[in-house]
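Novice: Take this structure first; my questions come after.
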Amino acid sequence: MRLFLIATYILLPFFAFTQDKITTEGLPGSVNSSTQDVRPVISDDGKKIYLTRRFHPENIRGDKDFQDVWVSQLDSRGIWTKPKNMGEKYNDKRPNDLVRASKNDDSLIFVNSRYKGINSELALFKKGKSDPIELPIDGFYNKSNYVDYDYNFKNNIIIMAVERSDTEGDQDLYFSIYDETTGRFTTPKSMGKALNSEKADFAPFLTNDGYTIFFASYGHGGQGSADLFMSHRTGGWDDWSEPENLGNVINTKFEETYVSIDPSFNYLYYDSYPPGASNRNIWRATLSDEIKNKITAAKERKQNKPAPPPVTQQEKPIQEPEAETSLTENNLDETSNDTQEEITEADKVQQPPVETEEVIAENPVPISVKIDREMDYVKEQERNNKGFLSTLGNKLGFGEDEEINLIDAGAKGQKINRNIYFKFDSEKVLSKFDMLLDEITAILEEKPQLKILLEGHTDAIGGEDINIDLSCKRSNNVKEALIERGINQYRIEISCEGKERPIATNDDEFEGRELNRRVEFYLF
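Numbering (mature numbering (1 follows the signal peptide of the UniProt record, and there is no 0)), first residue to last: -18 to -1, 1 to 506.
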């Protein structure tokens, strides 16, 4: 997600909407609290609004809990009731986030927050079911520290904002369609150059009919920071009209993000921190007849066109030859179809969606995840002319390098001279590294001005996409371990390097591949 401001001011594009019939207001009633209330999601019947509350005293972990999902209902008078925390089934100590709620409110899709038994990017909760269902996406990886999702129950399609090898710049919008033959979602494909700019395009919301998308962007021209835009599908899922800025009544010189629209098109809900506001809260805007007519026209125009040819997969994950990909550095049972169940409303989906969503501070110092490859000093430091027993001893927490030292890493800051290592095919942080994590925690507590980059790596077994995903999971798990020790998540960045930066040969297990399965630490 994107929560930091960009200070570059750009002129409003020519095609912005006229503003005479649009009004905005902070959401009336008791929905907004004294803490941050963000990411509104209107149920597809328009009778519930889900929202995320940050650092609220009634979150699962109290005011130290970054975000929980809450829900408010529309009463008979048309007033939103006081929100209630959705409870421990959906909320835990990690940042929790709802993606979409179905029309009958019998299906809820959450960003996976390490729910029990769920290893996919998204998790489906069905009414009457105690456990969530996996929604696996083929070839999923994300090079960005940020991620957003939307899900359309009618079309069984995931819209996501991620960074991949063909991204125009920063986060781009991608789609992934449910494949009935495999029970999985297809490899993400770009939604095209019309939507995706050279800057971050994120926070997508697809109308129920599937023909109009709203999203936030730092590109396309706007009021100064992230603005809200609208575009219409003119062909396939990668064929969209030129995005239209929603105008300077809705968009301010600060940041507007995360749109949701009720099915009757009466209101557009979004979160904003406009001039004079004391906090980031949920706002709503009336939709002008111009906007409503364009939404309706897009649907009618699309339905009157011949059906486009089926979407083909143009982007495929880079893989080793088939004989080698049978051994991948990934939990193979994560993609098992043995436990798949069907969705009630979207019966075509047997397993609709982690990356756990990375929640970033309001004003973080951005750090590139495209790290320079010429980091020879890392390799030299790891080997340091030591034998196998000496190296193994250091990994286990004893030996001549037990004390933490810092190494100058140039633009990346200072590298901690010890890493966390992982078993083959695993993202689990072993308990033998607890002491190292405690020592790193102590450093961060002593120096509150510092942030830390967790750089995840894998060995070379398996395809590129799979290994990037696994390196992300390793970094995320180490991040969670630091958060559990009291480190503010705003101070933690992650990077997913996959198999790109080995520090030892991949031809040998001992003093080879086992040293490449690691998370490195950089203080900056």
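A virtual CB, placed ideally from N, CA and C, is assigned to each residue, including glycine.
Treat the numbers as computed from the prediction; the structure is a model and nothing was measured.
(1) Report the three-state DSSP secondary structure of D420 (helix, strand or coil).
(2) Compare the beta carbon distance of P245 and G28 with 8 Å and say whether it is the shorter of the two.
(3) Measuring CB to CB, does Q49 end up less than 8 Å from N78?
(4) Just to confirm my understanding: we take I91, look at its own chain, exclude 5 residues before and 5 after, and list those with CB closer than 6 Å. What are they?
(5) So what does DSSP say about F415, is it helix, strand or coil?
(6) Is it right to say residue 538 is buried, meaning 16 or more other beta carbons lie within 10 angstroms of its own, or is it exposed?
(7) Can at least three beta-carbon pairs, one atom from the stretch 149 to 169 and one from the stretch 118 to 125, be found at a separation below 8 Å?
(8) V129 lies in the beta strand (DSSP E); which residues open and close that run?
(9) Please determine if the stretch 430 to 437 and the stretch 465 to 477 are in contact, where contact requires at least 3 C-beta pairs separated by less than 8 Å.
(10) Can you give the Cα-Cα distance for S477 and I61, rounded to whole angstroms?
(11) Please report the residue range of the alpha helix (DSSP H) in which A463 lies.
(12) Based on Cα-Cα distance, which residue from Q153, G468, L505, I425 lies nearest to K75?
(13) In three-state DSSP terms, what is Q471?
(14) Near T5, what residues of its chain come up, given a Cβ to Cβ distance below 6 Å and the 5 sequence neighbours on each side ignored?
(15) If you compare alpha carbons, which of N127, R96, Y128, Y240 is closest to I115?
(16) Please classify P430 as buried or exposed, where buried requires at least 16 neighbouring CB atoms within 10 angstroms.
(17) Is the number of C-beta pairs between the stretch 66 to 74 and the stretch 38 to 46 that are closer than 8 Å three or more?
(18) Give me the Cβ distance between V51 and T34, rounded to the nearest whole Å; I'm assuming they're in contact under 8 Å.
(19) Roughly how many angstroms separate the alpha carbons of E150 and E238, rounded to a whole number?
(20) Any contact of the stretch 399 to 419 with the stretch 452 to 463, i.e. 3+ C-beta pairs under 8 Å?
(21) Pick from V13, G99, G110, K125: whose alpha carbon is nearest that of D451?
(22) Tell me the DSSP secondary structure of K29 in three-state form.
(23) Could you give the residue range of the beta strand (DSSP E) that holds F197?
(24) With respect to the beta strand (DSSP E) encompassing R82, which residues constitute its N-terminal and C-terminal limits?
(25) Going by C-alpha to C-alpha distance, which of H202, D152, K136 sits closest to D191?
(26) Classify D19 as buried or exposed, calling it buried when 16 or more other Cβ atoms lie within 10 Å of its own Cβ.
(27) Scan the stretch 247 to 274 and note each continuous alpha helix (DSSP H) run of 4 residues or more that stays entirely inside, going in chain order.
(28) Given this structure, state the Cα-to-Cα distance separating D209 from I448, to the nearest angstrom.
(29) Please classify T278: does DSSP put it in a helix, a strand, or coil?
(30) Work out the CA separation of N498 and V411 for me, nearest whole Å.
(31) Helix or strand or just coil, what does DSSP make of I232?
(32) Give every residue of the same chain whose Cβ lies closer than 7 Å to the Cβ of S15, excluding the five residues on either side of it in the sequence, and list them in chain order.
(33) In the DSSP assignment, find the unbroken beta strand (DSSP E) run with A105 in it and report its ends.
(34) For P256, I'd like the list of residues in its chain whose CB is within less than 7 Å of its CB, leaving aside the five on either flank, ordered along the chain.
(35) For S25, which residues in the same chain have their Cβ closer than 7 Å to its Cβ, ignoring the five residues on either side in sequence?
Specialist: Reading it off the structure:
(1) Reduced to three states, the DSSP call for D420 is helix.
(2) Yes, these two residues count as a Cβ contact at 8 Å.
(3) Against a cut-off of 8 Å, the Cβ pair of N78 and Q49 comes out as a contact.
(4) Same-chain partners within the cutoff: V81, R82, L104, L106, Y133.
(5) DSSP, reduced to helix, strand and coil, places F415 within a helical segment of the structure shown.
(6) Outside the displayed span of the chain (-18 to 506) sits residue 538, for which this structure offers no information.
(7) Flag = yes, the stretch 149 to 169 and the stretch 118 to 125 touch.
(8) In the DSSP annotation of this structure, V129 is not part of any beta strand (DSSP E), being labelled neither H nor E.
(9) Three or more pairs of CB atoms, one per stretch, sit closer than 8 Å, so the stretch 430 to 437 contacts the stretch 465 to 477.
(10) Taking the straight line joining both Cα atoms gives about 44 Å.
(11) A463 -> alpha helix (DSSP H) spans 446 to 466.
(12) Nearest C-alpha to K75: G468.
(13) Secondary structure of Q471 (DSSP, three-state): helix.
(14) Correct list, in chain order: T268.
(15) Among N127, R96, Y128, Y240, the Cα nearest to that of I115 is on R96.
(16) With fewer than 16 other Cβ atoms within 10 Å, it is exposed.
(17) Yes, the stretch 66 to 74 is in contact with the stretch 38 to 46.
(18) At roughly 6 Å, the Cβ-Cβ gap stays under 8 Å, so V51 and T34 are in contact.
(19) Rounded to the nearest whole angstrom, the C-alpha separation of E150 and E238 is 22 Å.
(20) A contact exists between the stretch 399 to 419 and the stretch 452 to 463.
(21) Nearest Cα to D451 within the set V13, G99, G110, K125: K125.
(22) K29 falls in the coil class under three-state DSSP.
(23) DSSP places F197 in the uninterrupted beta strand (DSSP E) bounded by 194 to 199.
(24) Boundaries of the beta strand (DSSP E) harbouring R82: 80 to 83, taken from the DSSP string.
(25) Measuring from the Cα of D191, the nearest candidate turns out to be K136.
(26) By the 10 Å Cβ count, D19 comes out buried.
(27) Counting only runs of 4 or more, we get nothing.
(28) Roughly 34 Å separates the two Cα atoms.
(29) T278: helix per DSSP, three-state reduction.
(30) Straight-line measurement puts the Cα of N498 at about 15 Å from the Cα of V411.
(31) Collapsing the DSSP output to three states places I232 in coil.
(32) Excluding positions up to five away in sequence, the list reads R35, H38.
(33) From DSSP, the beta strand (DSSP E) with A105 extends over 104 to 108.
(34) Closer than 7 Å at the Cβ level, and outside the excluded window around P256, lie T234, F236.
(35) A83, D87.
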